[in-house]
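Asker:
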Amino acid sequence: MPFFDAENTSLYYEEQGSGHPILLLAPGGLRSSIPYWERVAWNPIQELSAHYRVITMDQRNAGQSSARVTGQETWATYASDQLSLLDHLGIDRFHVLGMCIGGSFIAKLATTAPERITAAVVAQTIGQDDNLATFREIFDEWSTGLVSTHPEADDTAWQKYWNALFINDNRVFSVPDAELTNIRAPLLVLNGDDRFHPAVASRALVDAVPDAQFIERWKEPEELSAAREAVSEFLKRHTPV
5 MPFFDAENTS
15 LYYEEQGSGH
25 PILLLAPGGL
35 RSSIPYWERV
45 AWNPIQELSA
55 HYRVITMDQR
65 NAGQSSARVT
75 GQETWATYAS
85 DQLSLLDHLG
95 IDRFHVLGMC
105 IGGSFIAKLA
115 TTAPERITAA
125 VVAQTIGQDD
135 NLATFREIFD
145 EWSTGLVSTH
155 PEADDTAWQK
165 YWNALFINDN
175 RVFSVPDAEL
185 TNIRAPLLVL
195 NGDDRFHPAV
205 ASRALVDAVP
215 DAQFIERWKE
225 PEELSAAREA
235 VSEFLKRHTP
245 V
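Counting with the working numbering, you get residues 5 to 245 for the letters of the sequence shown.
#1: Let me check understanding here. Comparing Cα to Cα, which of 97, 173, 103, 16 lies closest to residue 69?
#2: Using the rule of at least 16 other Cβ atoms within 10 Å of the residue's Cβ for burial, across every protein chain shown, is residue 174 buried or exposed?
#3: Measuring straight from C-alpha to C-alpha, what distance separates residue 245 and residue 23?
#4: Cα-Cα, which of 14, 241, 72, 10 is closest to residue 154?
#5: Return the Cβ separation of residue 219 and residue 208 in integer angstroms, given the expectation that the two are a contact with Cβ distance under 8 Å.
#6: Could you spell out the range, first to last residue, of the beta strand (DSSP E) harbouring residue 232?
#7: How is the beta strand (DSSP E) around residue 85 delimited, first residue to last?
#8: Look at residue 184 and residue 177 and say whether their C-beta atoms are less than 8 Å apart.
#9: Output yes or no for whether 8 Å exceeds the beta carbon distance between residue 32 and residue 66.
#10: Between the C-alpha atoms of residue 25 and residue 210, what's the straight-line distance to the nearest angstrom?
#11: Taking the alpha carbon of residue 75 as the reference point, which residue from 163, 63, 189 has its own alpha carbon closest?
#12: Go ahead and label residue 214 buried or exposed: buried means 16 or more other beta carbons lie within 10 angstroms of its beta carbon, across all protein chains shown.
#13: By alpha-carbon positions, which one of 120, 101, 171, 223 ends up nearest to residue 135?
#14: If contacts are defined as beta-carbon pairs under 8 Å, then residue 13 and residue 64 qualify, I think. What distance do you get, rounded to the angstrom?
#15: Going by DSSP, what residue range makes up the alpha helix (DSSP H) through residue 148?
#16: Check whether the Cβ atoms of residue 115 and residue 97 sit closer than 8 Å, and answer yes or no.
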């Protein structure tokens with residue numbers, strides 16, 4: 005099984021297909037991992053691997069990936085993991101598609117390494133809208149499940165982890181609202197419409213990025229086919245020749 009090991013971190017990843025690279029960032033919150041693609045309305049892996057080199061991964065301490073917990077983790081830590089994996093694979097420029105927490109990951113990637121992203125698709129990003137208690141509950145469930153395998157982390161380390169990711173005023177958590185305007189990659193946003201994925205977070209991305217495309221309704225069967233076609237056309241249009 006393919007793992008990329010670096011700096012007390014072991015990242016599990018998979019590759020399928022060939023062509024221009026596309027990184028898929030799975031839903032699942034901090035449990036973001038490859039199997040979560042099977043749990044949502046649209047699993048893009050097989051569809052996209054017919055045309056692209058698809059890279060999927062389990063985020064640190066999710067799925068088969070692992071990392072020490074230090075209390076120094078931030079959204080930049082996750083972006084560094086993702087970019088380091090792509091460097092390991094010899095990939096410079098790439099498309100990226102993410103769902104749920106994948107939207108927050110993409111916002112950080114797109115403002116950290118804007119020159120590397122050729123196109124970005126964000127589906128129902130997580131975000132803030134008077135729902136922090138919901139995210140705290142999810143964080144506590146995730147961290148409690150890791151305590152026994154991370155004796156190096158005390159309560160202070162876990163609290164710092166939480167604070168760094170979620171205690172801020174950022175609509176999509178990972179990037180200050182004012183910095184969303186620094187996203188330069190072509191962007192397609194599929195709307196969120198529930199407590200975990202509030203519409204205001206999707207709208208914050210659309211409003212910040214000039215010429216961003218927006219699909220408001222896409223989850224129902226009669227809507228999903230058209231949305232998938234729109235994603236396909238968007239990625240094709242922005243794939244370097």
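Here a beta-carbon is modelled for each residue, glycine too, at the ideal position from N, C-alpha and C.
In this text, all values refer to a predicted model and were calculated from it rather than measured experimentally.
Answerer: Short version:
#1: 16
#2: buried
#3: 11 Å
#4: 72
#5: Rounded, the Cβ-Cβ distance is 16 Å, inconsistent with contact.
#6: Not the beta strand (DSSP E): residue 232 falls in the alpha helix (DSSP H), residues 225-241.
#7: Where residue 85 is concerned, there is no enclosing beta strand (DSSP E), although the alpha helix (DSSP H) it sits in stretches over 79-92.
#8: no
#9: yes
#10: 24 Å
#11: 163
#12: Its Cβ having fewer than 16 others within 10 Å, residue 214 is exposed.
#13: 171
#14: 6 Å
#15: Where residue 148 is concerned, the enclosing alpha helix (DSSP H) stretches over 136-148.
#16: No, the pair does not count as a contact, with Cβ atoms beyond the cut-off.
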